[in-house]
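Colleague: Quick one: this structure, given as structure tokens, is what I'll be asking you about.
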Amino acid sequence: MAIDKDLLVMIKSNGLGDGEPDLGEKLMKAWLEQLWESGARPSIIAFLNSGVFLTTEDSPVIDLLEKFSDSGTRILSCGTCLAYYDRTEKLLVGEPTNMKDTVGSMLSYKKILAP
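Written out as structure tokens, the structure is:
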């Protein structure tokens, strides 16, 4: 599949929705799996706040994120968030970014998905 240069995915937490954290984590994993299965390849998947737990050690979706990365999707994690949660040295996929680049991306992409 080709990278969709107009598509940015913003992951703002390690779970999907409000409620039980375990359910939210399962839903986020299912959402990312379905995104992969759909064939959509975003240009960037950006992780903010507790979303950085998905790009670091003990992530339940690290293999899936590596597939996205290997297919050409850039995986970006908020550097401030990594530091706040003491996860900077635990980053396993992608690269850290900053808010300036995140806002710049959000202003320039035509399609932004945020589960």
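Those letters in the sequence shown? Residues 7 to 121, per our numbering, in order.
Positions of the beta carbon are idealized from the N, C-alpha and C atoms, including for glycine.
1. Out of Tyr91, Ser111, Lys73 and Thr61, point me to the one whose CA is closest to Glu43's CA.
2. With 16 other CB atoms within 10 Å as the buried threshold, where does Ala52 fall?
3. Are at least three pairs of beta-carbons, each pair with one atom in the region 75-88 and one in the region 100-113, less than 8 Å apart?
4. Buried or exposed: Val134, going by 16 or more other Cβ atoms within 10 Å of its Cβ?
5. Using 7 Å as the threshold, is the C-beta distance between Ile68 and Leu98 below it?
6. Starting from Lys11, follow the alpha helix (DSSP H) in both directions and report where the run begins and ends.
Modeller: Let's see:
1. Reading the sequence shown from its first residue, position 37 is the one you call residue 43. Answer by Cα proximity: Lys73.
2. Reading the sequence shown from its first residue, position 46 is the one you call residue 52. Ala52 should be labelled buried.
3. yes
4. Missing from the structure shown is residue 134; the chain here goes from 7 to 121 and no further.
5. The residue labelled residue 68 in the question sits at position 62 within the sequence shown. The residue labelled residue 98 in the question sits at position 92 within the sequence shown. Against a cut-off of 7 Å, the Cβ pair of Leu98 and Ile68 comes out as a contact.
6. The residue labelled residue 11 in the question sits at position 5 within the sequence shown. Not the alpha helix (DSSP H): Lys11 falls in the beta strand (DSSP E), residues Asp10 to Ile17.
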